[in-house]
Amino acid sequence: MSDLSFVIELTILVLAAFLGFEVISKVPTMLHTPLMSGTNFIHGIVIVGAIVILGFADDTFTKAVGFVAMVLATANVVGGWFVTDRMLEMFKRRPDPKRDDT
Amino acid sequence: MISDPDVIGLLYLVAIVCFVLALRFLSSPKQARRGNWLGGVGMLVAITTTLLIEGISNWALIVVAAAIGSVIGFIGARKVKMTAMPQMVALFNGVGGGAAALVALAEFHELDGVLVWDEALSIALSALIGSISFSGSLVAFAKLQELVSGRPIVFSGQNVVNVLVLGGAAALGVAVVAGLEAQWAIAALIVLALVFGVMFVLPIGGADMPVVISLLNAVTGLAASATGFVLDSTVLIVAGMLVGASGTLLTMLMAKAMNRSIANVLFGAFGQVQAGVGQVRADDGRTVRATSADDVAVQLSFARKVVVVPGYGMAVAQAQHDVRQLADLLEERGVDVKYAIHPVAGRMPGHMNVLLAEANVPYTQLYEMDDINSEFPQTDVALVIGANDVTNPAARSDTSSPIYGMPILDVDRSASIIVMKRSMNPGFAGIDNDLYLDEKTTMLFGDAKESVLKLISAVKTA
């Protein structure tokens, strides 16, 4: 792992906050539920932390904690992605009022 | 195996770009799905990169844990009903927050004795926020799933207890940052934070769940971000903060849609059953008029313009598919049909849009509150299906009403109103609806699905 200074990390954090607000404010109300489950998926990125902990663990305590973290994070990533995909698939249908699926 | 931190950093940058683009693509329904795929690619890059970091071992454990998590996540995602989406999101918030707290706990254990203040701060924050998100989300899940009452659960001195619990956790955090490197301290911090999470969500009523879910979403993102500080990982910091920003924005939007401050939502215990409100209304001579499906069918068939106002009641009855069928029939007869969607219809932001999309209602027929409100005066029939508080005119006129000031759909301005409802029970906010006593309003009692099916057959013969 690289050793970034605390201040640089803080700078990245603040810039990411501004970027986040910019990008998210363009998402229409209609897509707010998929947005929420999509961001739900993205915070599954904590899986990276779980891998590092479990992958470098050398005592039982850390292994146990890392294992549980890994299970939770994987469920978060996999579940979050599939449920978002399922939802967005429904939105992709063409917005033509002449429907043929009755 | 990758050992160069620059290579790792660059690959993480690729993942970050994918995540940002994924959110960017969500600004249009056509591209949104592609965006999610891109997000998936970003996640794969991040995971693969991490797995390839030199020195990673315990492969058996990693594979087993990943397999268990994948099965749980996959089955959950496939099985969940769209009506249960808020619970699902709450649950995923919880597991994400839980994972962040556990990572902090393990890292504290690993770094025992060699902790610098900024590392200690990150660990304390990650443990604190992650734990609050975990237990808070589980309570939100239990409330939405109706495992516990959706009504606020309150006791006297609640806010004092909450402050003490959070204060205790914060004090432990400060101690850890100041150099107290005892395992018990971080464990106690986590326990207190877990208690706080429970206490914090319990008093919040079901009607306010859209705000709570959004807030927990933000909190979980911040927990992931804090974990990024712990592990010096840019991808965690940025991705976590993107989620934090998204959740914060949605929280503010939801609170605004209910005309309440976020503080009022969190600490107001809104939705306790109001004593006395019901009696006052029953005495003023106006009565509720019930009608039959046949009458409604005639009214609808000969209307020029119908606005459907769907609420959570429709979703609970799983009536969205039948509602669309009814709308199709009416359109075939030349009736102009639109749907009016209140921002807090359903149990989470945008929930009603998903439910109607599931029923193949084209999103071009869905109108947001601000766009449809000007059309109610030209509307012949407003068909309210399982919606309540978002149509209550008291929000406009009655300063004593708990929902006074909340923007509502002005259904009472249409020529006639038909309310489909199971019974006269008050809505989630626990207050009566003046709309039902309006002389233009008729009520069609019964399960939403059954009523709509009756309407469909009646319209066919009308």
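So the protein sequences, as listed, match chains P and R.
Residues 584 to 685 in my numbering are what the first sequence lists, from first letter to last.
Residues 42 to 503 in my numbering are what the second sequence lists, from first letter to last.
The C-beta atom is built at its ideal place from N, Cα and C for all residues, glycine as well.
A distance below 7 Å between beta-carbons, with the five flanking residues on each side excluded, links Leu596 (chain P) to no residue of its chain. The C-alpha of Gln224 (chain R) is placed about 11 Å away from the C-alpha of Leu152 (chain R).
Its chain contains Gly191 as the residues whose beta carbon lies nearer than 6 Å to that of Lys184 (chain R), once the 5 sequence neighbours on both sides are disregarded; these appear in chain order. In the displayed model, Leu407 (chain R) falls within a strand according to three-state DSSP. Within the DSSP secondary-structure output, Tyr380 (chain R) pairs in a beta bridge with R:Val349, R:Leu407.
Listed along chain R, the residues sitting closer than 8 Å to Thr622 (chain P) by beta-carbon distance are Leu64, Asn258, Gly262, Leu283, Val284, Ser287, Gly288. A direct Cα-to-Cα measurement between Val606 (chain P) and Val61 (chain R) gives close to 8 Å. When P:Gly603, P:Phe674, P:Ala633, P:Phe604 are compared, the shortest CA-CA separation from Val136 (chain R) is found for P:Ala633. Residues Ala360, Asp363, Val364, Leu367 of the same chain have their beta carbon placed closer than 7 Å to that of Val493 (chain R), with the five preceding and five following residues left out of the count. At a cut-off of 8 Å between beta carbons, Thr667 (chain P) contacts chain R. Using a CB distance cut-off of 8 Å, Thr594 (chain P) does not count as an interface residue toward chain R.
When only Cα atoms are considered, Met465 (chain R) and Ala87 (chain R) end up about 53 Å apart. Beta-carbon to beta-carbon, Gly114 (chain R) and Asn659 (chain P) are separated by about 7 Å, close enough to satisfy the 8 Å threshold. The Cβ neighbour count for Gln340 (chain R), taken over all protein chains shown within 10 Å, is at least 16; the residue is labelled buried. Judged by DSSP secondary structure, Ser172 (chain R) falls outside any beta strand (DSSP E) and instead within the alpha helix (DSSP H) spanning 158-185. For Ser498 (chain R), the enclosing alpha helix (DSSP H) starts and ends at 489-502. Taking all protein chains shown into account, Asp412 (chain R) has fewer than 16 neighbouring C-beta atoms within 10 Å of its C-beta and is therefore exposed.
Identification of residues in the segment 79-106 of chain R having a C-beta nearer than 7 Å to some C-beta of chain P yields Gly80, Gly81, Met84, Ala87, Ile88, Thr91, Leu92, Gly96, Ile97, Ser98, Asn99, Leu102, Ile103, Ala106, given in sequence order.
For the options R:Thr90, R:Met410, R:Trp100, the alpha carbon positioned closest to that of Ile449 (chain R) is the one of R:Met410. Closest in C-alpha terms to Val460 (chain R), from the list R:Val347, R:Arg437, R:Leu371, comes R:Val347. Beta-bridge partners assigned by DSSP to Met461 (chain R): R:Ile426, R:Leu485.
In the three-state reduction of the DSSP assignment, Ala229 (chain R) falls in the helix class. If the five residues before and after Phe650 (chain P) are omitted, its C-beta is found closer than 7 Å to the C-beta atoms of Leu637, all from its own chain and listed in chain order. Pairing Ala386 (chain R) with Tyr408 (chain R) gives a Cβ-Cβ distance that is not under 8 Å. With contacts defined by Cβ atoms closer than 8 Å, Ala338 (chain R) and Val452 (chain R) do not form a contacting pair.
For the set R:Val157, R:Asn134, R:Leu67, R:Asp249, the Cα lying nearest the Cα of Ala259 (chain R) is the one of R:Asn134. Close CB contacts of Gly238 (chain R) within its chain, under the 6 Å cut and outside five residues either way in sequence, are with Ile173, Ser176, Gly177 (chain order). Rounded to the nearest angstrom, the gap between the Cα atoms of Ala286 (chain R) and Met129 (chain R) is 20 Å. For Ile413 (chain R), the secondary structure class from DSSP, reduced to helix, strand or coil, is helix. Sorting R:Ala398, R:Leu146, R:Asp488, R:Ser266 by C-alpha distance to the C-alpha of Val357 (chain R) places R:Asp488 at the top. Approximately 6 Å separates the beta-carbon atoms of Thr90 (chain R) and Ile49 (chain R); this is inside 8 Å, confirming the contact.
Under the three-state reduction of DSSP output, Ile472 (chain R) falls in the coil class, being neither helix nor strand. The beta carbon of Met389 (chain R) falls within 8 Å of a beta carbon belonging to chain P, placing the residue at that interface. In this structure Ala640 (chain P) touches Asn99 (chain R) by the C-beta definition: roughly 6 Å separates them, less than 8 Å. Ranked by Cα distance from Leu85 (chain R), the options R:Leu291, R:Ala56, R:Ser333 are led by R:Ala56. Spatial neighbours of Thr275 (chain R) in its own chain (CB-CB distance under 8 Å, excluding positions within 5 residues in sequence) are listed in chain order as Gly50, Tyr53, Leu54, Ile57, Gly269.
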